[in-house]
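**Student:** One structure, pasted below without further comment.
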Amino acid sequence: MLAGLTAGAVEDAEARAADRPLAVVERDALAQAPARDALAALAPAERVRIIAEVKRASPSRGDLADIPDPALQASRYEQGGASVISVLTEGRRFKGSLADLEAVKAAVSLPVLRKDFIATPYQVLEARASGADLVLLIVAALEQPLLAQLHTMVLELGMTPLVETHSLDEVHRAADIGAQLVGVNARNLSTFELDRDLFGRLFEHLPADAVKIAESAVLTPADVAHYRAAGADAVLIGEALVTNDPVTTLHAFLEAGA
Numbered sequence: 001m002l003a004g005l006t007a008g009a010v011e012d013a014e015a016r017a018a019d020r021p022l023a024v025v026e027r028d029a030l031a032q033a034p035a036r037d038a039l040a041a042l043a044p045a046e047r048v049r050i051i052a053e054v055k056r057a058s059p060s061r062g063d064l065a066d067i068p069d070p071a072l073q074a075s076r077y078e079q080g081g082a083s084v085i086s087v088l089t090e091g092r093r094f095k096g097s098l099a100d101l102e103a104v105k106a107a108v109s110l111p112v113l114r115k116d117f118i119a120t121p122y123q124v125l126e127a128r129a130s131g132a133d134l135v136l137l138i139v140a141a142l143e144q145p146l147l148a149q150l151h152t153m154v155l156e157l158g159m160t161p162l163v164e165t166h167s168l169d170e171v172h173r174a175a176d177i178g179a180q181l182v183g184v185n186a187r188n189l190s191t192f193e194l195d196r197d198l199f200g201r202l203f204e205h206l207p208a209d210a211v212k213i214a215e216s217a218v219l220t221p222a223d224v225a226h227y228r229a230a231g232a233d234a235v236l237i238g239e240a241l242v243t244n245d246p247v248t249t250l251h252a253f254l255e256a257g258a
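Shown next as structure tokens:
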């Protein structure tokens with residue numbers, strides 16, 4: 001599943017490149033205002049930080065919410081106390097787009113994450129050209145030399161890489177490239193099964209100086225409390241926020257992570 005999603009995202013990027021060549025995207029990326037400081041926004045605090053996700057659908061859950069106005073959704077996340085906004089830009093299975101990211105960036109003052117299956121320098125550049133402050137890099141989808149190359153490129157463009165892991169080996173690979181923002185995804189991207197305790201098992205192996213993020217399997221305040229007790233500095237939440245009132249849901253989650 002992960003290989004197919006990544007291949008599809010790269011294919012779609014190549015199609016966009018036919019209309020918007022690399023040189024044009026690079027020019028637009030370099031013309032952007034400096035990226036917002038995601039590490040400061042997610043720095044460890046007395047209360048858990050929340051990355052709130054604009055997410056219409058997923059391969060595991062199907063359609064979740066129409067979200068005709070992603071900017072309004074993101075504004076409500078900011079109102080509810082989120083620290084970062086994540087925007088799914090993959091179009092085939094998640095029904096997102098770079099236009100969603102651009103609309104969200106213009107509507108909020110928070111750092112904005114491009115959540116997609118990134119595997120080429122072109123995708124990194126178009127993330128910055130669209131205003132992204134963070135870029136997701138999934139360790140399982142990338143060979144180590146490419147992971148290191150893209151990680152360096154994200155940093156050189158002034159953005160923050162969110163390096164996502166699913167195993168002890170991947171945590172070591174994230175540490176080897178000096179990742180400062182490390183996520184542990186409870187969802188196995190091959191089988192799509194969930195393991196909410198994975199974060200806790202990997203916590204002691206995460207880089208000590210990195211911001212530690214728990215991803216997936218967050219539907220209730222108890223899930224947030226579970227991750228917070230296991231050591232998470234932040235949690236990434238999508239489904240629970242797009243299928244409920246985002247402001248009241250965020251308030252409840254933040255209280256649980258105090």
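Position 200 (the sequence shown) corresponds to 200 in the UniProt record's numbering; numbering is contiguous.
Virtual Cβ for every residue (Gly too), placed ideally from N, Cα, C.
If you're wondering where the values come from, they're calculated on a predicted model, not measured in any experiment.
1. Quick one: does the C-beta of Arg173 sit closer than 7 Å to a heavy atom of the ligand SAM?
2. Alpha carbon to alpha carbon, what distance is there between Ala99 and Leu155?
3. So if DSSP puts Ile213 in a beta bridge, which residue, or which two residues, is it bridged to?
4. Kindly indicate which three-state DSSP category Gly158 falls into: helix, strand or coil?
5. Could you tell me how far apart the beta carbons of Ile118 and Leu147 are, in whole angstroms, since I believe they sit closer than 8 Å?
6. Could you say which of Ala9, Leu2, Tyr77, Val211 lies nearest to Val182 if we only look at CA atoms?
7. Compare the C-alpha of Ala13 against each of Arg36, Ala65, Gly91 and name the closest.
8. Does the distance from the CB of Gly257 to the CB of Val48 come in under 8 Å?
9. Quick check for students: name the residue ranges of the beta strand (DSSP E) that lie wholly in the region 92–138, counting only runs of 3 or more.
10. Going by the CB atoms, is the gap between Ile51 and residue 277 shorter than 8 Å?
11. Here's the rule I'm using: 16 or more other beta-carbon atoms within 10 Å means buried, otherwise exposed. How should Asp197 be labelled?
12. Going by DSSP in three states, Val10 sits in which element: helix, strand or coil?
13. My understanding is that Val54 touches Val104, with C-beta atoms under 8 Å, so please give their C-beta distance in whole angstroms.
14. Which residues in the same chain have their Cβ closer than 6 Å to the Cβ of Asn185, if we skip the five residues on either side of it in sequence?
15. What span of residues does the beta strand (DSSP E) with Glu53 cover, start to end?
**Tutor:** In short, the structure shows the following:
1. Ligands displayed in this structure: none; no statement on the ligand SAM is therefore possible.
2. For the purposes of this step, residue 155 is taken as the residue at position 155 of the sequence shown. For the purposes of this step, residue 99 is taken as the residue at position 99 of the sequence shown. CA-CA distance, Leu155 to Ala99, rounds to 23 Å.
3. As a working note, residue 213 is residue 213 in the sequence shown. The partner list for Ile213 (beta bridge, DSSP) reads Gly183, Ala234.
4. Here residue 158 corresponds to residue number 158 of the sequence shown, with the count starting at 1. Gly158 falls in the coil class under three-state DSSP.
5. As a first step, residue 118 is located in the sequence shown; it is residue number 118 there, counting from the start. As a first step, residue 147 is located in the sequence shown; it is residue number 147 there, counting from the start. Taking the Cβ atoms as the reference, Ile118 lies roughly 10 Å from Leu147, outside the contact range of under 8 Å.
6. Numbered from its first residue, the sequence shown carries residue 182 at position 182. Looking at the Cα atoms, Val211 is the closest of the given residues.
7. On the sequence shown, residue 13 is found 13 positions in, with the first residue counted as 1. Distance check between Ala13 and each of Arg36, Ala65, Gly91 places Gly91 closest, using alpha-carbon atoms only.
8. Residue 257 sits at position 257 when you count from the first residue of the sequence shown. Residue 48 sits at position 48 when you count from the first residue of the sequence shown. Yes, Cβ-Cβ distance for Gly257 and Val48 is below 8 Å.
9. 112–115, 134–138
10. Since the first residue of the chain shown is 1 and the last is 258, residue 277 is not available in this structure.
11. In the sequence shown, the residue the question calls residue 197 occupies position 197. Taking every protein chain shown into account, the CB of Asp197 has fewer than 16 other CB atoms within 10 angstroms, so this residue is exposed.
12. The count along the sequence shown starts at 1 and reaches residue 10 at position 10. Reduced to three states, the DSSP call for Val10 is helix.
13. As a first step, residue 54 must be located in the sequence shown, where it is residue number 54. As a first step, residue 104 must be located in the sequence shown, where it is residue number 104. Confirmed, Cβ separation roughly 6 Å.
14. Within the sequence shown, residue 185 is the residue found at index 185, counting from 1. Answer for Asn185: Glu164, His166, Glu215, Ser216, listed in chain order.
15. Position 53 of the sequence shown, counting from 1, holds the residue named residue 53. Glu53 -> beta strand (DSSP E) spans 49–54.
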